[in-house]
Amino acid sequence: MSASANSIAATILMLAAAGAARAETQVERGRYLVSIMDCGGCHTTGELGGHPEPGHTLAGAKIGWAIPGVGIVTPPNLTGDVATGLGNWTSDDIVKLLRTGVRPDGREIVGPMGWRAYAQMTDPDIRAVAAYLKSLPPVVHAVPGPTPIADFKGAYFTVAHP
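Mapping of the sequence shown onto mature numbering (1 follows the signal peptide of the UniProt record, and there is no 0): residues -23 to -1, 1 to 139, in sequence order.
1) Since W92 is in the alpha helix (DSSP H), which residue starts that stretch and which ends it?
2) First and last residue of the beta strand (DSSP E) that includes A108?
3) Is any beta-carbon of chain D found at less than 8 Å from that of I40?
4) Helix, strand or coil for V72, going by three-state DSSP, please let me know.
5) Can you name the residues that DSSP bridges to G48?
6) Going by Cα to Cα distance, which pick from V47, D102 and N65 is closest to D128?
7) In angstroms with no decimal places, state the Cα-to-Cα distance between P81 and G27.
8) Where does the unbroken beta strand (DSSP E) through T135 begin, and where does it stop?
9) Ordered along the chain, which non-local residues of its own chain (more than five positions away) have a Cβ less than 6 Å from that of E30?
10) Excluding sequence positions up to five away, which residues of its chain have a Cβ less than 6 Å from the Cβ of R76?
11) Can you give the Cα-Cα distance for G88 and G78, rounded to whole angstroms?
12) As a quick exercise: from T2, Y9, D58 and L74, pick the residue whose alpha carbon is nearest that of M90.
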């Protein structure tokens, strides 16, 4: 092998090693997955109305869905805020929700949340989503739980019976 061929081979090996050192972290993978799953499309304040609020990415919505027999459900705050978000949830709590649709308090989520599709993710990917959500800085934004339609003070979409 010539000196220039050795130099090229060495450069390729060095670049490959550098690329491996920059491998995606679990949180970066989770951020990517949350992005392509469009979690922010529902869980970002103002996004459902076409006007996302700066600083409120994944902090919960103000618009909900009318679910027959349940009331209005509003996409919750997914940030690390203890009082209004997932701050008290463990990564295992998030994984369980995505696998089973059941929250730590035992309530099953309802509405358009696609947990049945998310349940099909690989273990590393679902753990990456949980790691990313746990990494989010807290944003204080209270979102109501299921609310009777008559008591709801915002806009909502109507969902027909299944």
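Built from N, CA and C at the ideal position, the CB exists for glycine as well.
Taking the definition as stated:
1) Looking at the DSSP string, the run of the alpha helix (DSSP H) that includes W92 is W92 to Y95.
2) Unbroken run through A108 is the alpha helix (DSSP H), D100 to S112; no beta strand (DSSP E).
3) Although the question refers to chain D, the structure presented lacks it and comprises just one protein chain.
4) In the structure shown, V72 sits in a helix (DSSP, three-state: H, G or I).
5) I44
6) When only C-alpha atoms are compared, the closest one is V47.
7) 31 Å
8) Y133 to T135
9) T22 and G23
10) A96
11) 11 Å
12) Looking only at T2, Y9, D58 and L74, the smallest Cα-Cα distance to M90 is reached by L74.
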